[in-house]
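In my numbering, the protein residues as written are 645 to 1078.
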């Protein structure tokens, strides 16, 4: 069979024609963990202002009772459920990250497959097939668009995520390859999201936007909607107009090899760009090398891409605190639990001991470090230095990852609810419930 002539055609073939046996791979185990992680985080985030406002909006619109809505017993249309549930899943900024994608995949894809599986009566197996298709597709499109797309100001969670959402929706709705091409080409006109929204409700809204986009275009394509097949990689297409690098190596082995398995789950309730720093600092603290009152200075070296993501020098709100190297390092040294949601408050940003230690932190750029890596040095008042390096891309054994996600979900939604969710997802016997 000849190679598809457009990227939309190539992605459509992957989405629709990848055989089910190819989806029974190690990455499917990670899909299970990401589903558990997403649902726990979404439930915990359901009362955040952005989640509440989005939920109240879709409830006020009413409509077909297709899909469940986190934080409510009322069902709403699938597209509306995806919007509100996606926003809830990213409201706490505690969801997973894929560094090839440069975005958060599960908070976009899981709302799509959960809503459409309920709408269509799909089997749990079909739900997880579609989830892996969408998660993999979003990750590879993000890698294809590259760092330039992200660095110039586009939020890949929403942009690349919209394409993954369209792929997942097309698979679950049983679209043909031709229909899926139209869905993917159409979503090129819908994919959006600007990093200027970081630190506001706009960022989690992007996730819901992308999820809703995917369902909308798939339903339109199913109904016969037509779009230009070259809208991704053609003249005046998405890549050309959105600073895409068009790194075609990102699609090598697609359908046979699954890169989604490299996704990173969050074990601190803040921006993922801060996690390597916190893990490195944690090693120093564990060795007694960072004691409050004895510190002269702390420094962290990181890749330059995080300077415009999570380097708010003097945050004033709990939300801004989640994007501040200086503040989270101070919190960690002072013994605050950086994995706890209630650590990040407006009040903590102005607490005198926190501010004093925050102002001892120097953040510097080192582009010899990987994007997943940080180096932390703590200097005490006698001049003794302790240094630690941590790289999030270092493989974490599956058993350890499972244990940490189980503990995280229990802390977010209670031991009993977390165990019930774990059993449901791992068995693939019934659809997960938000």
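Glycine is no exception: its CB is placed at the ideal position from the N, C-alpha and C atoms.
Inset, instruction - Please report the residue range of the beta strand (DSSP E) in which residue 1034 lies. - result: Locating residue 1034 in the chain shown gives position 390, counting from the first residue. Note, residue 1034: beta strand (DSSP E), 1029-1035.
Inset, instruction - Tell me where the beta strand (DSSP E) around residue 1022 begins and ends. - result: Your numbering for residue 1022 matches position 378 in the chain shown. Looking at the DSSP string, the run of the beta strand (DSSP E) that includes residue 1022 is 1017-1024.
Legend entry - Residue burial classification, residue 873 (beta-carbon count within 10 angstroms, cutoff 16): Residue mapping note: residue 873 aligns to position 229 of the chain shown, counting from 1. With 16 or more other Cβ atoms within 10 Å, it is buried.
Inset, instruction - Identify, in the order they occur along the chain, each residue of the same chain with its Cβ nearer than 7 Å to the Cβ of residue 645, setting aside the five sequence neighbours on each side. - result: Residue numbering aside, residue 645 sits at position 1 when the chain shown is read from its first letter. The predicted model places residue 645 with a pLDDT of 45, which falls under 50 and marks its position as unreliable; any figure quoted below should be read in that light. If you ignore the 5 residues before and after residue 645, its C-beta comes within less than 7 Å of no other C-beta in its own chain.
Legend entry - residue 929, buried or exposed, once every other Cβ within 10 Å from all chains shown has been counted against 16: By 1-based counting over the chain shown, the position of residue 929 is 285. Looking at its Cβ environment, which holds 16 or more other Cβ atoms inside 10 Å, residue 929 is buried.
Inset, instruction - Look at the alpha carbon of residue 775 and the alpha carbon of residue 679, and state the distance between them as a whole number of angstroms. - result: In the chain shown, the residue the question calls residue 775 occupies position 131. In the chain shown, the residue the question calls residue 679 occupies position 35. Between residue 775 and residue 679, the C-alpha separation is close to 9 Å.
Inset, instruction - Name the residue from 953, 692, 922, 966 whose alpha carbon lies nearest to the alpha carbon of residue 976. - result: Looking up residue 976 in the chain shown gives position 332. Cα-wise, what sits closest to residue 976 is 922.
Legend entry - Same chain only: Cβ atoms within 6 Å of residue 788, ignoring 5 sequence neighbours per side: Reading the chain shown from its first residue, position 144 is the one you call residue 788. Result list for residue 788: 891, 894, in chain order.
Legend entry - Touch test, the stretch 799-809 against the stretch 744-752, Cβ-Cβ under 8 Å, three pairs minimum: Contact holds between the stretch 799-809 and the stretch 744-752, because three or more Cβ pairs, one in each stretch, are under 8 Å apart.
Inset, instruction - On the DSSP bridge assignment, give the partners of residue 741 in chain order. - result: Counting from 1 along the chain shown, the entry for residue 741 is found at position 97. In the DSSP assignment, the residues bridged to residue 741 are 908.
Inset, instruction - Taking residue 686 and residue 777 to be in contact with their CB atoms under 8 Å, please state how far apart those CB atoms are, rounded to whole angstroms. - result: On the chain shown, residue 686 is found 42 positions in, with the first residue counted as 1. On the chain shown, residue 777 is found 133 positions in, with the first residue counted as 1. Rounded, the Cβ-Cβ distance is 21 Å, inconsistent with contact.
Legend entry - Beta-bridge partners of residue 711, as assigned by DSSP: Position 67 of the chain shown, counted from the first residue, corresponds to residue 711. Answer is 720.
Legend entry - Close Cβ partners of residue 667 (< 7 Å) along its chain, the five nearest in sequence each way excluded: Taking the chain shown and counting its residues from 1, one reaches residue 667 at position 23. Counting only residues of its own chain and dropping the five nearest sequence neighbours on each side, residue 667 has a CB closer than 7 Å to the CB of 773, 776.
Legend entry - Among 1016, 826, 1023, 771, nearest to residue 864 - alpha-carbon criterion: As a position in the chain shown, residue 864 is number 220, starting the count at 1. Nearest C-alpha to residue 864: 826.
Inset, instruction - Could you spell out the range, first to last residue, of the beta strand (DSSP E) harbouring residue 941? - result: Here residue 941 is taken as the residue at index 297 of the chain shown, counted from 1. 939-946 is the extent of the beta strand (DSSP E) around residue 941.
Legend entry - Delimiting residues of the alpha helix (DSSP H) encompassing residue 1009: As a first step, residue 1009 must be located in the chain shown, where it is residue number 365. First-last for residue 1009: 1005-1009, but that is the beta strand (DSSP E), not the alpha helix (DSSP H).
Inset, instruction - To the nearest angstrom, report how far apart residue 1011 and residue 750 are at their CA atoms. - result: Position 367 of the chain shown, counted from the first residue, corresponds to residue 1011. Position 106 of the chain shown, counted from the first residue, corresponds to residue 750. Taking the straight line joining both Cα atoms gives about 28 Å.
Inset, instruction - Would you please verify whether the beta carbon of residue 900 is less than 8 Å from any beta carbon of chain C? - result: No chain C is part of this structure, which consists of one protein chain only.
Inset, instruction - Rounded to whole angstroms, what's the CA-CA distance from residue 953 to residue 907? Just pull it up for me. - result: Working through the chain shown from its first residue, we reach residue 953 at position 309. Working through the chain shown from its first residue, we reach residue 907 at position 263. One alpha carbon belongs to residue 953, the other to residue 907, and they sit about 19 Å apart.
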